[in-house]
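Residue numbers (my numbering): 1 to 345.
This is the structure:
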């Protein structure tokens, strides 16, 4: 996989000096000290930084300033979490982000409305905000979705899923922050003979989830285990709706993918892609995160739709995501930097 992703690119791995290397699990998990020399030696046209949570990123910020290299910040964080933050943590973030980092970057690549709102929340001016879309690979998925439509019945037979079932699909980690247990509790409350729940993924809550299904006597719940991205097309095809009940979710790429397969979606109000990819009552529904009753109601709404109305919702999903396929990130960056007419040393 690594070789496939890097094919055709000039690349270099820098040594990580952190004692316990980690991208997400530690605030000091990335310490690639060689980034300073690398930027000084190569003087790239632009540096794109993906976060501010590790020493590597801060070295990159200061090196970009020192060597007068344009710096673009690209993070999928969104404003939802900021609004729930404690006062002291909010003060610290305003000091470091609003008072320093968000003042020095050349521009900010915004992946949707909620991400854009994060930057405006910390005072970034509109002229520095550069919209882009997570669009890579979706042309292929859109085509694959059309090709697999006629195989829905065959795929359901393969996994012993009733043809007349309304299949609710969940894809992701089985963990507390993903709302996995709330999904099962909500499913239990749905009183409908045609319901079915397909769970794709794995995680530390799997045993607990399986025990819950067994102890409550829940029927038509299918644990499919971890699947590769290529195999995910099968499950999008056999499903009727995607559910993403996360307590927090910076974006939620499964929403993009589900739309490529013409699925309605039900997501929590903490999913970052919601404002851009879910139009209530048209191609999906929202519910308040952690609200089991509201989630059960939304699932019931989807199940009780006629097949034709569910199909119409799915077609609206398809039309919406199709508009994203031509929003190329590389082209967007080049246009923005050209517009600035930056003079380099």
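From the three backbone atoms N, C-alpha and C, an ideal C-beta is built for every residue, glycine too.
Residue 225 is bridged by DSSP to 200.
Between the stretch 244-255 and the stretch 223-230, the count of Cβ pairs shorter than 8 Å is below three; the stretches do not touch. For residue 92, the uninterrupted alpha helix (DSSP H) run begins and ends at 87-93, by DSSP. From the listed residues 143, 310, 111 and 205, the smallest Cα separation to residue 252 is found for 111. Two segments are said to touch when three or more pairs of C-beta atoms, one from each, lie closer than 8 Å; by this definition the stretch 100-109 touches the stretch 60-73. Under the DSSP assignment, residue 131 falls in the beta strand (DSSP E) whose first and last residues are 129-131. In this structure, residue 337 and residue 46 form a Cβ contact; the two beta carbons are roughly 6 Å apart against a cut-off of 8 Å.
Counting other Cβ atoms within 10 Å of its Cβ, residue 177 stays below 16 and is therefore classed as exposed. Inclusion of residue 241 and residue 200 in the CB contact set at 7 Å is not warranted, their separation being larger than that value. With respect to residue 213, residue 167 sits apart: the two C-beta atoms are not nearer than 7 Å. Residue state for residue 69 is assigned as coil, using DSSP reduced to three classes.
Note that the C-beta distance between residue 97 and residue 122 is below 7 Å. Remark: C-beta atoms of residue 67 and residue 40 approach each other more closely than 7 Å. Uninterrupted beta strand (DSSP E) stretches at least 3 residues long and entirely within the stretch 113-153 occur at 129-131, given in chain order.
Rounded to the nearest angstrom, the Cβ distance from residue 318 to residue 277 is 12 Å, too far for a contact under 8 Å. Residue 272 and residue 300 do not touch by the CB rule: their CB atoms are close to 26 Å apart, not below 8 Å.
By the Cβ test, the stretch 142-160 is not in contact with the stretch 76-85, since fewer than three Cβ pairs between them sit closer than 8 Å.
In this structure, residue 54 lies away from residue 78, with their beta-carbon atoms at least 7 Å apart. The three-state reading of DSSP puts residue 23 in coil, since its state is none of H, G, I, E or B. Taken through DSSP and simplified to helix, strand or coil, residue 39 comes out as helix.
With 16 or more neighbouring CB atoms inside 10 Å of its own CB, residue 60 falls in the buried class. Take the alpha-carbon of residue 21 and the one of residue 15: they are about 10 Å apart. For residue 254, the number of other beta carbons within 10 angstroms of its own is at least 16, and it is reported as buried. With respect to the 7 Å criterion, residue 190 and residue 296 are classified as neighbours on the basis of their beta carbons.
Residue environment: residue 324 is assigned as buried (16 or more neighbouring CB atoms within 10 Å of its CB, all protein chains considered).
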